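Step one of this worksheet: look at the structure below.
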Amino acid sequence: KPDLEAHAKLAYEAAAEGVVLLKNDGALPLGEGARVALFGTGQVETIKGGMGSGHTHPKYVVTILDGLRERGLRVDEELSSIYRDYVLSKRGREFLERFYHCEAYPEPLPQDIVSEAQVAEFARRNDVAVVVITRISGEGWDRRPVEGDFYLSPSERRLIEMVSRSFRALGKKVVAVLNVCGPIEVVSWRDLVDAILVVWLPGQEAGRVVADVLLGRVNPSGKLPTTWPRDWRDVPAAKSPECYPGVPPENPQRVRYCEGIYVGYRYYDTFNVEPAYPFGHGLSYTRFEYSDLKLEVRDGTVRVSVRVKNVGERPGKEVVQVYVRAPRGKLDKPFQELKAFRKTRLLAPGESEVVEVEIRVRDLASFDEGEGVWLVEPGTYEVRVGSSSRDIRLTATFTVEKELKYKP
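Reading the sequence shown from the start, the letters are residues 1 to 408 in this note's numbering.
Here it is in structure tokens:
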């Protein structure tokens with residue numbers, strides 16, 4: 001007898017805390033009761049979670065379409081019925097029931113099923129366009145650097161181009177909602193939209209969360225847990241087919257791990273590779289100011305405190321990220337490494353909070369293969385506090401006087 005209501009509440013909270021606002025040029029939040037033209041089959045086929053071992057069997061699933069309706073946004077029903085009827089004609093009701101509540105693997109459908117003339121009419125009678133892009137994930141396959149996976153499919157690109165032309169011609173905004181399992185390429189099309197909202201695979205309360213963030217009832221406070229590359233060729237694993245997809249490429253039998261210690265942001269930061277959006281990135285509907293960085297080193301622990309103040313006009317939360325840059329020594333080290341992070345409570349405009357974290361000095365160690373020990377080398381370490389790996393607001397230093405060794 002699971003407490004399904006409590007589970008649904010927790011699912012909502014988890015999804016809401018994780019929404020990441022990648023871009024916002026004055027498009028969000030929407031006004032209450034805004035007239036919304038909702039594009040994309042993902043409004044009906046909302047991806048709640050991963051397939052295979054990531055699949056769950058919830059009591060219900062709130063689609064993006066249903067969530068926007070429920071929360072009072074004036075969805076253009078004629079447009080949404082085009083997508084709903086198209087999905088039903090291609091999938092059938094039985095398939096959708098399995099998709100929401102059991103498990104089903106839908107092949108991607110075309111997204112540009114409306115004409116340029118139709119889009120122009122929807123632009124005339126609505127306040128804003130919301131384009132939903134989806135990607136599914138599960139056991140049995142890898143992400144692939146192809147159209148319809150890492151890159152937009154041709155139909156997705158055509159849809160975004162049509163919507164952007166018609167709505168912007170009338171001075172109206174375009175919002176992309178990414179219901180995706182991981183990074184996709186955005187650089188080639190992000191200038192066509194005014195806001196990009198990443199909702200990931202948000203669970204059974206998906207539609208309500210999306211609506212509440214669009215309306216500003218929830219201020220997005222999630223941060224990217226992975227770097228979003230500008231292009232697949234910038235990914236370190238893409239440097240050699242031996243690394244990905246492996247050898248032979250059509251049916252890999254051998255894959256070489258070639259990233260070493262330079263995983264994720266460690267690679268991009270160390271080798272100065274510009275990402276589309278850096279690790280830890282995430283905007284807000286308000287602004288935060290950092291001040292009063294203090295360090296205290298005692299009993300093998302670095303205590304870090306910093307004051308974060310909401311200097312904007314809306315309540316919001318901020319994730320304080322603490323990176324450490326090590327001195328040059330005999331061991332190879334990345335440019336910087338994330339060592340602690342903490343999200344503030346909900347701060348009202350003008351309100352501040354002192355955020356405190358602790359970093360054990362031994363957690364600064366790297367493995368010395370020659371001696372077979374974890375080693376912290378002496379020297380000056382820089383503590384870098386910021387809003388993302390590329391948005392460092394304050395720095396301070398401390399010194400490790402002598403070499404420290406720890407047995408595995």
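Quick reminder that beta carbons are idealized off the backbone N, C-alpha and C, glycines included. These numbers come from a predicted model, not from an experiment.
Residue i: buried (16+ other C-beta within 10 angstroms of its C-beta) or exposed?
i	result
Glu337	buried
Pro334	buried
Lys172	buried
Gly31	exposed
Glu45	buried
Ala428	Since the first residue shown for the chain is 1 and the last is 408, residue 428 is missing from the structure and cannot be characterised.
Tyr12	buried
Tyr323	buried
Arg256	exposed
Leu10	exposed
Arg93	exposed
Pro183	buried
Ser387	buried
Thr63	buried
Arg345	exposed
Val391	Here residue 391 turns out to be Asp, not Val, going by the sequence shown. The residue is exposed, with fewer than 16 neighbouring Cβ atoms inside 10 Å.
Find the nearest neighbour of residue i within the set the options, judged by alpha-carbon distance.
i	options	result
Arg35	Phe99, Gly372, Thr63, Leu79	Leu79
Gly329	Val400, Lys59, Glu70, Ala120	Val400
Asn126	Asp76, Gly148, Leu88	Asp76
Leu347	Glu371, Lys48, Gly316	Gly316
Ala104	Phe122, Leu96, Gln111	Leu96
Ser164	Ser155, Val186, Leu192, Leu38	Leu192
Gln253	Gly67, Cys243, Leu109, Gly260	Cys243
Trp189	Gly372, Leu159, Ser387	Leu159
Asp363	Gly370, Arg384, Ala340, Gly379	Ala340
Val87	Leu73, Ile113, Arg71	Ile113
Gly138	Gly54, Pro241, Asn310	Gly54
Ala206	Ser284, Leu375, Ala16	Ala16
Arg74	Gly216, Gly33, Lys239, Arg93	Gly33
Gly370	Asp332, Pro248, Phe99	Asp332
Asn251	Val131, Leu201, Asp142	Asp142
Thr134	Gly300, Leu109, Val302	Leu109
Thr286	Thr63, Arg217, Glu296, Phe367	Arg217
Arg325	Leu10, Val376, Glu403, Gly372	Val376
Ala169	Pro236, Val209, Glu121, Val131	Glu121
Ala211	Val130, Lys239, Pro236, Val187	Val130
Ser284	Met51, Ser81, Leu215, Met162	Leu215
Pro327	Arg360, Glu382, Phe288, Arg345	Glu382
Arg298	Thr270, Val361, Lys402, Gly260	Val361
Which partner residues of residue i appear in the DSSP bridge assignment?
i	result
Phe341	Gln321
Tyr381	Phe398
Gly386	Gln321, Ile392
Val218	None, per the DSSP bridge assignment.
Leu295	Val304
Gly54	DSSP output for Gly54 lists no bridge partner at all.
Ser366	Leu375
Arg158	Its beta-bridge partners do not exist; DSSP assigns none.
Trp228	Tyr277
Thr134	Asn179
Considering only residues of the same chain and omitting the five flanking positions on each side of residue i, which have a CB-CB separation below 6 Å?
i	result
Gly222	Gly18, Val19, Val20, Gly282
Pro220	Val19, Leu21, Val213
Glu430	Residue coverage of the chain in this structure runs from 1 to 408, which leaves residue 430 outside it and unanswerable.
Tyr265	Thr227, Phe279, Ser389
Cys258	Cys243
Lys343	Lys317, Val319
Tyr151	Glu185
Ser153	Glu147
Gly40	Gln111, Val131, Val132
Val273	Asp234
Arg71	Ala211
Identify, in the order they occur along the chain, each residue of the same chain with its Cβ nearer than 8 Å to the Cβ of residue i, setting aside the five sequence neighbours on each side.
i	result
Arg307	Tyr290, Ser291, Asp292, Ser352, Glu353, Val354, Val355
Val128	Ala27, Leu30, Ala34, Arg35, Val36, Ala37, Phe167, Lys172, Lys173, Val174, Val175
Asp66	Gly207
Arg91	Glu45, Phe99, Pro106
Keeping to the same chain, check which residues put their C-beta closer than 7 Å to that of residue i; ignore five residues upstream and five downstream.
i	result
Pro275	Thr227, Trp228, Pro229, Arg230, Tyr268
Gly49	His55, Thr56, Leu201, Gly203
Ala8	Gln204, Glu205
What I want to know is whether the C-beta of residue i ends up closer than 7 Å to one or more non-hydrogen atoms of the ligand GDP.
i	result
Val400	Absent from the structure shown: the ligand GDP. Ligands present: none.
Check: Does the segment 194-214 come close enough to the segment 170-179 to have 3 or more Cβ pairs within less than 8 Å?
Finding: yes
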